[in-house]
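Notes to accompany the following structure.
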Amino acid sequence: MLARCQHVCAVALALFLLVGLVACTVEEEACPTGFDFAPAAGEPGSTAVAMSDSRIVGWATEVVSLAIGESVDEEWMDPQQALGPAEGTPGNVLALGRGGHVVLLFDPPITDGDGADLAVFENSLNDTFLELAFVEVSSDGETFARFPSYYKGTEPVGTYAGHDPTWISGLAGKYRGGFGTPLDLADLDCAPEVVGGSVDTASISFVRIVDIIGDGQTPDGTGRPIYDPYPTVGSAGFDLDAVAALHEAG
Ligand SMILES: [Ca+2]
Ligand SMILES: [Ca+2]
273 MLARCQHVCA
283 VALALFLLVG
293 LVACTVEEEA
303 CPTGFDFAPA
313 AGEPGSTAVA
323 MSDSRIVGWA
333 TEVVSLAIGE
343 SVDEEWMDPQ
353 QALGPAEGTP
363 GNVLALGRGG
373 HVVLLFDPPI
383 TDGDGADLAV
393 FENSLNDTFL
403 ELAFVEVSSD
413 GETFARFPSY
423 YKGTEPVGTY
433 AGHDPTWISG
443 LAGKYRGGFG
453 TPLDLADLDC
463 APEVVGGSVD
473 TASISFVRIV
483 DIIGDGQTPD
493 GTGRPIYDPY
503 PTVGSAGFDL
513 DAVAALHEAG
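Numbering-wise (the numbering used here), the sequence shown opens with residue 273 and increments by one.
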């Protein structure tokens, strides 16, 4: 009797573990990390979106709010420089300053289509001097969901030093000027704001770009410190050229 009970228990335990394993596997598939450690623009496997890419269907139309952080000269404070098509030039940008942020309007809204849905353009002159920012999206302009991010570097990046696109995922500024960092709204399917219904990835009217102070004080989405060229002055922080829509609602 005892042996039979043990046998039944063993079978039950095995079934329990199997069901658990299947459930976990399904959960993982439903919640992709979306991490993208692709190499620099022009290299095989790069995900960089050229500013002339035929997938681009629109650009930000209005600056809704702006908070420029420290160490920005006035010439870099023109919000108009973040609107319309990317120029891919060093000068046609809005500098966010240390920890600054900007909210851009999209009309019509961006929607979650197949693959990347938006792309953020910075003005880096090369593939390694990469200033980084978080990207967040909102349907109502009140509640924002932040894209999952991962930064692999482990050492501070000096003012004139560099790092590598293959260390960077889910953060704007991964690619040099003229090439946007793509972001896929499907990567937010498991974000609490999306699960709870306060952000609708079928209708994203607002995109917020948040400069990362690159001295290691700011963690990525997994809790690891983020480094980028620091300190910089004059046009400190993320230099936003433009944000493109790759899929529009309607
Ligand atoms: Ca998508
Ligand atoms: Ca621009």
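Yeah, the Cβ is synthetic: ideal placement off N, Cα and C, and Gly gets one too.
Distance from the Cα of Glu-334 is smallest, within the candidate group Ser-324, Val-515, Ala-312, for Val-515. A check of alpha carbon separations from Ser-343 across His-519, Val-505, Ala-521, Glu-520 identifies Val-505 as the nearest.
Judged by the Cβ position, Gly-385 qualifies as a neighbour of ligand 1 at the 8 Å threshold, a heavy atom of the ligand being closer than this. When only Cα atoms are considered, Ala-508 and Tyr-499 end up about 14 Å apart.
Scanning its chain for C-beta atoms nearer than 8 Å, with the 5 sequence neighbours on each side dropped, one finds around Gly-385 the residues Leu-518, His-519, in chain order.
When beta bridges are read from the DSSP output, Pro-497 appears opposite Pro-491.
Counting of Cβ neighbours within 10 angstroms places Gln-353 among the buried residues, the total reaching 16 or more.
The three-state secondary structure of Pro-437, taken from DSSP, is helix. A distance below 6 Å between beta-carbons, with the five flanking residues on each side excluded, links Ser-441 to the following residues of its chain, in chain order: Phe-307, Asp-308, Phe-309, Tyr-422.
The alpha-carbon of Asp-461 is positioned some 31 Å away from that of Gly-341. Less than 9 Å separates the beta-carbon of Gly-445 from that of Glu-394. Under DSSP, the beta-bridge partners assigned to Arg-370 are Glu-342. Here the distance from the Cβ of Val-392 to the nearest heavy atom of ligand 2 is not below 8 Å. Here Leu-457 is near Leu-390, since their CB atoms are less than 9 Å apart. Excluding five sequence positions before and after Pro-311, the CB atoms of its chain that fall closer than 7 Å to its own CB belong to Gly-317, Ser-318, Pro-437, Thr-438, given in chain order. Every beta strand (DSSP E) stretch that sits fully inside the region 370-454 and reaches 3 residues is listed by chain position as 373-382, 390-394, 405-410. Considering only Phe-451, Ala-433, Ala-367, Val-375, the residue with the shortest C-alpha distance to Arg-480 is Val-375.
Beta-bridge partners assigned by DSSP to Ala-516: Trp-331, Ala-391. About 33 Å separates the CB atoms of Glu-414 and Pro-501; that is not less than 8 Å, and the two are not in contact.
By a beta-carbon distance limit of 8 Å, Leu-377 does not contact Gly-449. Their separation comes to about 23 Å. Within the same chain, and ignoring the five residues on either side of Gly-360 in sequence, the residues whose Cβ sits closer than 6 Å to its Cβ are Met-323, Gly-449, Gly-450. Cβ contact annotation for Val-466 (same chain, cutoff 7 Å, sequence separation greater than five): Ala-417, Leu-460, Thr-473, in chain order. According to the DSSP assignment, Val-479 belongs to the beta strand (DSSP E) that extends over 476-483. Judged by DSSP secondary structure, Val-466 falls within the alpha helix (DSSP H) whose first and last residues are 464-467.
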